[in-house]
């Protein structure tokens, strides 16, 4: 078991969650409650990582991270190091490829809240932030938790984009999925088996939690 | 000190609106009209959930108009939603306490318990909405609307989602609750009986336009025009022509007949409404006192048994072809031999005739 790779994967997963969840709550709620021009385009863009091959995403990200792009240049100027083949670059890539896994369950959860509940909150004298905290988030939380679990599990298992953007630098960008690949390449079947079993276990638990939570969303919808 | 509610609302899209309303402290104003007439939109404009293009909403302070547009949570309104919109994840008590942001936290629970007791829900404080019956949910919604200590109470078809027996009980409770409320109350309903039973005044809305405001019984007896009468589902509307005025009365030509009606400031062609209660059937065996008033020969078209009453449809040779419909006790219909094809004579009692000018 390569604990360094495992730790890196967990750090990457938590880092992704910390950045992605607040953003997804904002975007998911926006998509669920507002009708505005360009809404369909944003929804399509969010879903894009589901259909694009990881190598294609990885290629574009690498190009964007490179010193030749405005983003890469700006990053280099501010932090003094490049984005490509760094943990920060990996984190940014992870946030982007996890967008659909985070935004869609959250959007569905907010869509399931009857608009009258928001209006009832407002006419009960609750300012919008209070309606969000007291009414919307408690009702949407199974969806938010689903998004968190899916994002976490998917980040642990992400392979293609990580390989393209991060390479396989131990301690910097070598995640557990990459480590398994390296073990297999090195004919270390025993090492690969242990880590694969660990990932399998994590994924099964994650899906179990997700299924339980999404049933809860359905139940709340009926209650409302 | 409770203040009166004034609202003038105008808009062309997405919902056309042209409504002015006034509701005094303690008064209950019913907004009635067909589905899609804009009744709920008016309520939502008062609450700040919908924005009219122009106009004013004022209850003491100005909520809307003159460059002001207060957000809903800054307007002191209590709104009972049609489907109650209770927070499903909160208990009844928490639902009521959620509307008490203006109170000191320490006093909220006790006040909420008092309110729930006032709507007869003592003992059910810890239930969630899904564990309450429809009528109980409606009471929680009412308590939550009152918890705000609103300057205006708004009710959006508050009884439409419960069965008949519960509705009658809730209506009685509201009538009782009203006595302790001194704020203006505006209720949307499509049920005229509900408006008659509960409201002091009634505002009829059709296609976003206010057509008439009057006490419910008054509007049903004296609609402003034929359109109002039709929207109130009144029958017996005919065309007539004013012949002249004599003292307290106005003389009308109706087809080949002349009628006397209470004096009305109208001339030329008018619409005439005949209240079913003003139709007096002449008895065959002996004449009675009212028979000198507006006798009308007729032929029976239909006699429909409705329980103990009979609804009788007569052909009265109306030039427009409209029949005359009235009800009388079944035994009276039998005794007078009313049957399709039979001839009879009815009197249209003067005081039950209402002349509506055409505009």
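Protein chains in written order, with this note's numbering: chain A, 1 to 224; chain B, 225 to 583.
Glycine included, each C-beta is placed from N, C-alpha and C at the ideal position.
Bridge partners - residue 293 of chain B, DSSP secondary structure assignment: Translated into positions along the second chain, residue 293 of chain B becomes position 69. Per DSSP, B:288.
For residue 259 of chain B and residue 361 of chain B, the rounded distance between their alpha carbons: The residue you call residue 361 of chain B lines up with position 137 of the second chain. The residue you call residue 259 of chain B lines up with position 35 of the second chain. So the alpha carbons of these two residues sit roughly 24 Å apart.
The ligand NAP heavy atom lying under 6 Å from the CB of residue 246 of chain B: Looking for the ligand NAP in the displayed structure turns up nothing, as the structure carries no ligands at all.
Alpha helix (DSSP H) runs wholly inside the region 299 to 343 of chain B, at least 4 long, in chain order: 316 to 321 and 329 to 342
Residues that DSSP places opposite residue 146 of chain A in a beta bridge: The residue labelled residue 146 of chain A in the question sits at position 146 within the first chain. Residue 146 of chain A is not bridged to any residue.
Closest by C-alpha distance to residue 133 of chain A, when choosing among A:26, A:15 and A:184: Looking up residue 133 of chain A in the first chain gives position 133. The option with the nearest alpha carbon to residue 133 of chain A is A:26.
Residue interval of the alpha helix (DSSP H) (run including residue 555 of chain B): Looking up residue 555 of chain B in the second chain gives position 331. Taken as a continuous stretch (DSSP letters only), the alpha helix (DSSP H) holding residue 555 of chain B covers 554 to 559.
The region 76 to 84 of chain A in contact with the region 115 to 126 of chain A per 3-pair CB rule at 8 Å: no
Chain A contact for residue 301 of chain B (CB, 7 Å cutoff): Within the second chain, the letter at position 77 stands for residue 301 of chain B. Output row for residue 301 of chain B: interface = yes.
Counted within 10 angstroms of its Cβ, other Cβ atoms place residue 387 of chain B as buried (16 or more) or exposed: Locating residue 387 of chain B in the second chain gives position 163, where the first residue counts as 1. So residue 387 of chain B counts as exposed.
Members of the region 6 to 18 of chain A that neighbour chain B once the beta carbon cut-off is set at 8 Å: none
In DSSP terms, what residue 468 of chain B is bridged to: Here the question's residue 468 of chain B lines up with position 244 in the second chain. Answer is B:475, bridged to residue 468 of chain B.
Inter-residue spacing [alpha-carbon to alpha-carbon] between residue 312 of chain B and residue 347 of chain B: Walking along the second chain from the start, residue 312 of chain B turns up at place 88. Walking along the second chain from the start, residue 347 of chain B turns up at place 123. So the alpha carbons of these two residues sit roughly 18 Å apart.
C-alpha distance - residue 221 of chain A paired with residue 111 of chain A, whole-angstrom precision: Indexing the first chain from 1 puts residue 221 of chain A at position 221. Indexing the first chain from 1 puts residue 111 of chain A at position 111. In this predicted model, residue 221 of chain A has a pLDDT of only 48, less than 50, meaning its place in the structure is not dependable; the value taken from the coordinates is given anyway. Near 10 Å, if we compare the C-alpha coordinates of residue 111 of chain A and residue 221 of chain A.
Contiguous beta strand (DSSP E) assignments of at least 3 residues, all confined to the region 357 to 390 of chain B: 376 to 380
Residues from the region 102 to 124 of chain A in contact with chain B, defined by Cβ distance under 8 Å: 114, 116, 117, 119, 120, 121, 122, 123 and 124
Limits of the unbroken alpha helix (DSSP H) element including residue 351 of chain B: What you label residue 351 of chain B is simply residue 127 of the second chain in a count that begins at 1. Residue 351 of chain B -> no alpha helix (DSSP H), and no H or E assigned at all.
Runs of alpha helix (DSSP H) lying entirely within the region 94 to 119 of chain A, each at least 4 residues, in chain order: 99 to 111
As assigned by DSSP and simplified to three states, the class of residue 436 of chain B: Stepping through the second chain from its first residue, residue 436 of chain B is reached at position 212. Three-state DSSP puts residue 436 of chain B in a strand.
Residues within the region 306 to 327 of chain B neighbouring chain A, beta-carbon criterion of under 7 Å: 307, 309, 311, 312, 313, 322, 323, 325 and 326
Any alpha helix (DSSP H) of 4 or more consecutive residues that is wholly inside the region 44 to 68 of chain A: 54 to 65
Nonlocal neighbours in the same chain, by C-beta distance under 7 Å from residue 234 of chain B, ignoring five residues either side: One-based indexing of the second chain puts residue 234 of chain B at position 10. 241, 242, 276, 277, 278 and 279, listed in sequence order.
Which of helix, strand or coil DSSP assigns to residue 501 of chain B: Translated into the one-based positions of the second chain, residue 501 of chain B becomes position 277. Three-state DSSP puts residue 501 of chain B in a helix.
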